[in-house]
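Heads up: the structure comes next, in structure tokens.
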Amino acid sequence: MEQLVRSIPFKKSMRWADRDIRFARPIHWFLALFGEDVVEFEIEGIKSGRTTYGHRFLAPNPIELAKPEDYVEAMEKAKVVVDHRARRASMWEQVQREAAKVGGVPQEDEDLLDEVNFLVEFPVATCGTFDPEFLELPPEVLITPMKEHQKYFPVFDKEGKLLNHFVVVNNMLTDNMDLITQGNERVLRARLADARFFFQEDKETPLTEMFEKLKDVVFQEKLGTSYEKVLRFRQLALFMADKAAPGKKDLVDRTALLCKADLESQMVYEFPELQGIMGREYAKIQGEPEDVYLGIYEHYLPRFAGDDLPTTVTGALVGIADRIDTIVGCFGIGLIPTGSEDPYGIRRDTLGVIHVILHQSFRLSLGELIDRALELLGDRMEREPQQVKEEVLSFLRQRVYHLWVSEGFRHDLVDAVLSA
1 MEQLVRSIPF
11 KKSMRWADRD
21 IRFARPIHWF
31 LALFGEDVVE
41 FEIEGIKSGR
51 TTYGHRFLAP
61 NPIELAKPED
71 YVEAMEKAKV
81 VVDHRARRAS
91 MWEQVQREAA
101 KVGGVPQEDE
111 DLLDEVNFLV
121 EFPVATCGTF
131 DPEFLELPPE
141 VLITPMKEHQ
151 KYFPVFDKEG
161 KLLNHFVVVN
171 NMLTDNMDLI
181 TQGNERVLRA
191 RLADARFFFQ
201 EDKETPLTEM
211 FEKLKDVVFQ
221 EKLGTSYEKV
231 LRFRQLALFM
241 ADKAAPGKKD
251 LVDRTALLCK
261 ADLESQMVYE
271 FPELQGIMGR
281 EYAKIQGEPE
291 DVYLGIYEHY
301 LPRFAGDDLP
311 TTVTGALVGI
321 ADRIDTIVGC
331 FGIGLIPTGS
341 EDPYGIRRDT
351 LGVIHVILHQ
361 SFRLSLGELI
371 DRALELLGDR
381 MEREPQQVKE
391 EVLSFLRQRV
401 YHLWVSEGFR
411 HDLVDAVLSA
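Heads up: the sequence shown begins at 1 in the UniProt record's numbering, then just goes up one per residue.
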């Protein structure tokens, strides 16, 4: 049993007190039964037994189990919902009910639901409110601190407009839940006040000024700064615009120049997941054309499988250029995805390039695009350019092959098209 416990893998583990064992969290007891008998063992001075515990505050007394079959019911009585599916269903039902009390609906966010589900043992949802003056800020500025930092569920009206309410899932039930809700409201008020301050400060700073600060941000040690990367894929985007959208070259150029500027904003420093979103908002406030401010946001699309695709030519071309620079650059210095290792997201970027090109029906030569990227990367490449080109093209073909086969096309037809 000791070997079994010690061999359980975790992405992150910890040690505690003076013990040598590493685990996800400190181990306080072992409940180990086989039928009505205790499976006896001891690890680091902790002995197994038939004693366990429920909710730390709502049911702190020890629980003696006669047999394993009693476990779930005993824990329910001790305010712990063992079945994660039942706990999740109960939690979501409560979140919806609380939102309905203020005439709203929560947005079903699977990731947030899963995360909160494993943060609580006995979910109790309550609805809080915040000052409506915060609604003057872009919705993402409010939603991000709610979801990412506080694990709250934002509440929307039936048209999808954000309301000044949120639902929090507590791991506690008291006679005065209002007091707990007020505490959550105070915490969120401080978070939103910070966000408002960052937003007000940022919007007064020109994006061109933020862009200059990228000179001090390293993209990758061998591939240079983020500033240098922007200059490279800016030229790559213009190279494509010559062929795909000659009438929008100026807009593509401006989008490429500003698309990473918000990485130096206070908002994105505090909330990295808002990159692109804040660039869009600041560009809009600073009077940039629609194709530019939308392109700044859309050049990140798609961010994951099934995500939206760019609707603007500016966002599409700049996004392709950014990704091609990353892909070719990483292959050129030997950072090629292998197995589960893909620290720079090359597979994701490759699929992004493919999806955007197909969606926009661009007629582009990938070979010419890779040649231009290699030319712009120049002396930063540590490997022979022709070999890099062949490997990148092969990598792209593999991704296209798997994509089309997954969409139901015959293997032999896909092979024939890619070999033509």
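Where a beta carbon is used, it is the ideal one built from N, C-alpha and C, also for glycine.
{"Query": "Simplified DSSP state of N170, which is helix, strand or coil", "Result": "strand"}
{"Query": "Buried or exposed by the 16-neighbour rule on C-beta atoms within 10 Å, applied to Q387", "Result": "exposed"}
{"Query": "In DSSP terms, what R220 is bridged to", "Result": "Per the sequence shown, the amino acid found at residue 220 is Gln instead of Arg. Answer is G224."}
{"Query": "6 Å Cβ shell around G352 - same chain, five flanking residues per side excluded", "Result": "P302, R323"}
{"Query": "Inter-stretch contact at 8 Å, needing at least 3 Cβ pairs: the stretch 111-124 / the stretch 156-169", "Result": "yes"}
{"Query": "Local Cβ density within 10 Å of Y269, reported as buried at 16 or more and exposed below that", "Result": "exposed"}
{"Query": "L58 (DSSP reduced to helix, strand or coil)", "Result": "coil"}
{"Query": "Rounded C-alpha distance that separates P67 from A24", "Result": "The displayed chain sequence assigns Lys, not Pro, to residue 67. Roughly 27 Å separates the two Cα atoms."}
{"Query": "CB contact flag (residue 431, V95, <8 Å)", "Result": "Given a span of 1 to 420 for the chain in the structure shown, any question on residue 431 remains unanswerable."}
{"Query": "S361 in three-state terms, based on DSSP", "Result": "coil"}
{"Query": "Proximity to Q360 [Cα-Cα], best of L317, M381, D342, I333", "Result": "L317"}
{"Query": "Cβ-based neighbour list, W239, same chain, cut-off 7 Å, excluding 5 preceding and 5 following", "Result": "A quick correction: the sequence has Phe, not Trp, at residue 239. Same-chain partners within the cutoff: R372."}
{"Query": "For C127, the first and last residue of its enclosing beta strand (DSSP E)", "Result": "124-129"}
{"Query": "Beta-carbon contacts of W16 that lie in its chain and below 8 Å, excluding the five residues immediately before and after", "Result": "P26"}
{"Query": "Any beta strand (DSSP E) of 3 or more consecutive residues that is wholly inside the stretch 159-217", "Result": "162-170"}
{"Query": "Chain C within 8 Å of V217, Cβ atoms only", "Result": "In the structure shown, chain C cannot be found, because there is only a single protein chain."}
{"Query": "Assigned secondary structure, I27 (DSSP; H/G/I helix, E/B strand, else coil)", "Result": "coil"}
{"Query": "F153 versus G378: straight-line alpha-carbon distance, rounded", "Result": "48 Å"}
{"Query": "Minimum C-alpha distance to A321 - residue among E110, V356, H55", "Result": "V356"}
{"Query": "Inter-residue CB distance, M267 and D308 (contact presumed, cutoff 8 Å)", "Result": "About 21 Å separates the two Cβ atoms, so there is no contact after all."}
{"Query": "Check whether S7 and A32 have beta carbons under 8 Å apart", "Result": "no"}
{"Query": "Proximal residues to P62 (C-beta, below 8 Å), its chain only, five neighbours per side dropped", "Result": "T51, T52, Y53"}
{"Query": "Beta-carbon spacing of T208, V217 below 8 Å", "Result": "no"}
{"Query": "Beta-carbon spacing of V155, P106 below 8 Å", "Result": "yes"}
{"Query": "Residue burial classification, M278 (beta-carbon count within 10 angstroms, cutoff 16)", "Result": "buried"}
{"Query": "Among H55, A59, L366, nearest to K243 - alpha-carbon criterion", "Result": "L366"}
{"Query": "Same chain, Cβ closer than 6 Å to I333, neighbours up to 5 away in sequence not counted", "Result": "K222, E382"}
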